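Same order as they appear, the protein sequences are chains S and U.
Each residue of the first sequence is one higher than the last, beginning at 81 in our numbering.
Each residue of the second sequence is one higher than the last, beginning at 81 in our numbering.
Glycine included, each C-beta is placed from N, C-alpha and C at the ideal position.
Remember, it's a predicted structure, so these values are computed and weren't measured experimentally.
What follows is one structure encoded as structure tokens, with my remarks underneath.
2 protein chains.
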Amino acid sequence: MTTTAKICPSGDERVKLFGLLLETNARLSRNLGVTLEASCALPLAWFEVLLLLRQSPEGHLKMNQIADAIVHTTGGTTRLIDRLEEAGFVSRRQCPSDRRAIHVGISTLGDEKLDQALNVHLDYLEENLAARLSEGERLTLTDLLTKLMATKTS
Amino acid sequence: MTTTAKICPSGDERVKLFGLLLETNARLSRNLGVTLEASCALPLAWFEVLLLLRQSPEGHLKMNQIADAIVHTTGGTTRLIDRLEEAGFVSRRQCPSDRRAIHVGISTLGDEKLDQALNVHLDYLEENLAARLSEGERLTLTDLLTKLMATKTS
DNA sequence: AGACTATAGTTGCCTACTCAACTACTTGTC
DNA sequence: GACAAGTAGTTGAGTAGGCAACTATAGTCT
């Protein structure tokens with residue numbers, strides 16, 4: 081009762097898991113993106129950058145750190161930061177110790193925007209994450225994803 | 081020793097989990113995309129569609145089903161299928177019961193390409209998924225993600 | 001010091017997407 | 001059976017991001 085050999089791999093448990101991972105993420109980001117856009121006029125990518133900057137211990141990051149964290153190329157990141165800077169949410173400053181590098185810091189305006197967006201985001205998470213996964217499950221998920229990311233080669 | 085109030089939400093466990101989810105996925109897709117592109121000259125989006133078509137019970141799907149599954153707009157999907165069709169991997173046919181609808185089916189060429197890509201994908205999964213997560217962990221992860229996607233509102 | 005390699009960031013060109021407006025068909029209502 | 005409302009897919013215009021080539025600075029080796 082085997083369907084032809086080539087059918088098998090597409091039904092593989094790991095293939096399915098991977099597909100699920102892709103889909104989950106696509107839906108979550110799309111949804112959050114739409115929500116943020118609608119309520120704060122803030123593109124998801126902007127939100128990611130602002131959040132990242134706030135979380136950074138020194139309050140600023142270099143272009144390549146941002147690029148890596150949001151998984152964009154440095155070229156794409158340059159343009160993204162251009163737009164954020166033009167909107168007044170971040171600012172570029174020369175890095176004192178390396179003249180090639182640039183420090184991107186969040187501005188007061190960006191800070192306010194982020195607060196606003198975080199409120200929306202928290203509501204969103206409450207509705208879409210906390211409502212579906214218990215705290216234990218969330219911890220497990222965090223753990224599993226962390227393992228998946230190990231070595232960042234993934 | 082609280083830093084100002086506004087710092088808190090950005091450190092929220094759920095915010096972090098969400099960020100991790102975004103990042104994990106971005107890295108995984110980017111990596112697989114590069115791998116597939118390099119070894120099969122097959123863009124990730126094309127792979128997704130081909131896989132989807134093979135997994136579909138009737139061997140074909142309507143445009144809007146594809147759009148939904150890969151989380152694109154119907155506009156974007158039209159163009160994506162245009163390219164796949166031009167490459168000879170899929171074909172459009174009139175749906176007999178609804179003259180607005182179109183059935184997209186995989187071609188022989190597409191089938192072969194998919195086999196080739198699946199080999200690469202399986203190696204990739206072996207290296208990046210199976211090596212990091214035990215079977216039990218993979219099952220748990222599948223379970224959690226499924227819960228997250230429940231109702232598809234997520 | 002001088003030369004070679006590596007790294008940080010920007011830019012031009014291109015592709016793939018979104019959004020909104022459109023056409024064509026279907027379904028429901030009277 | 002005709003008209004309104006909804007649904008499937010396509011198209012034009014706009015945008016964000018990738019790639020590869022470039023500039024400028026840093027580090028390394030002799």
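In chain order, which continuous runs of the beta strand (DSSP E) of length 3 or greater are located wholly inside the region 103 to 145 of chain U? 140 to 142
If the cut-off is 9 Å on Cβ atoms, which residues from the region 95 to 128 of chain U count as contacting chain S, listed in chain order? Val-95, Lys-96, Leu-97, Phe-98, Gly-99, Leu-100, Leu-101, Leu-102, Glu-103, Thr-104, Asn-105, Ala-106, Arg-107, Leu-108, Ser-109, Arg-110, Asn-111, Leu-112, Leu-124 and Glu-128
Alpha carbons only, please: which of U:Leu-224, U:Ala-121 and U:Leu-219 is nearest the one belonging to S:Leu-213? U:Leu-224
Any beta carbon from chain U within less than 8 Å of S:Arg-163's own beta carbon? no
Would you list, in sequence order, the uninterrupted beta strand (DSSP E) runs of no fewer than 3 residues that lie entirely inside the region 170 to 209 of chain S? 170 to 174 and 182 to 186
DSSP three-state assignment for S:Gly-155, whether helix, strand or coil: helix
Are the region 176 to 190 of chain S and the region 127 to 147 of chain S touching, with three or more C-beta to C-beta distances below 8 Å? yes
Could you tell me whether the Cβ atoms of S:Met-229 and U:Thr-220 are closer together than 8 Å? no
For U:Leu-100 versus S:Leu-209, is the C-beta spacing smaller than 8 Å? no
Taking all protein chains shown into account, decide if S:Val-129 is buried (16 or more other Cβ within 10 angstroms of its Cβ) or exposed. buried
First through last residue of the alpha helix (DSSP H) which encompasses U:Arg-218: 215 to 229
Rounded to the nearest angstrom, what separates S:Glu-93 and S:Leu-189 at their Cα positions? 47 Å
Under 8 Å, CB to CB, which of the residues in the region 145 to 174 of chain U have a partner in chain S? Ala-149, Ile-150 and Val-151
Output, in chain order, the set of chain S residues within a Cβ distance shorter than 9 Å of U:Leu-189. Under the 9 Å cutoff, chain S gives no residues; its nearest Cβ is about 14 Å from U:Leu-189.
Suppose the cutoff is 7 Å on Cβ atoms and the five residues either side in sequence are ignored; what does the same chain contact list for U:Val-151 look like? none
Give me the residue from S:Thr-226, S:Glu-215, S:Ser-136 and S:Leu-194 with the minimum Cα distance to S:Ser-119. S:Leu-194
Less than 8 Å between the C-beta atoms of U:Val-235 and U:Thr-115, yes or no? In this structure chain U extends from 81 to 234, so residue 235 of chain U is not present and cannot be described.
Buried or exposed, going by whether 16 or more other CB atoms sit within 10 Å of the CB of S:Ser-177? exposed
Would S:Gly-185 pass as a contact of S:Arg-173 if the rule is Cβ separation under 8 Å? yes
Helix, strand or coil: which one does DSSP assign to S:Ile-161? helix
Please report the straight-line C-alpha distance between U:Ala-197 and S:Arg-107, rounded to a whole angstrom. 24 Å
Within 8 Å, strictly: CB atoms of S:Leu-238 and U:Ser-109: For chain S, the structure presents residues 81 to 234; residue 238 of chain S sits outside this window and is missing.
C-alpha gap between U:Leu-132 and U:Ile-146, whole angstroms: 8 Å
8 Å Cβ shell around U:Cys-175 - same chain, five flanking residues per side excluded: Lys-142, Ala-181, Ile-182 and His-183
According to DSSP, is U:Asp-92 helix, strand or coil? coil
At least one CB of chain U closer than 8 Å to the CB of S:Lys-227: is that the case? yes
Straight-line Cα distance separating S:Thr-222 from S:Gly-216: 10 Å
If U:Leu-160 sits next to U:Ala-125, beta carbons under 8 Å apart, how far is it from one beta carbon to the other, in whole angstroms? 6 Å
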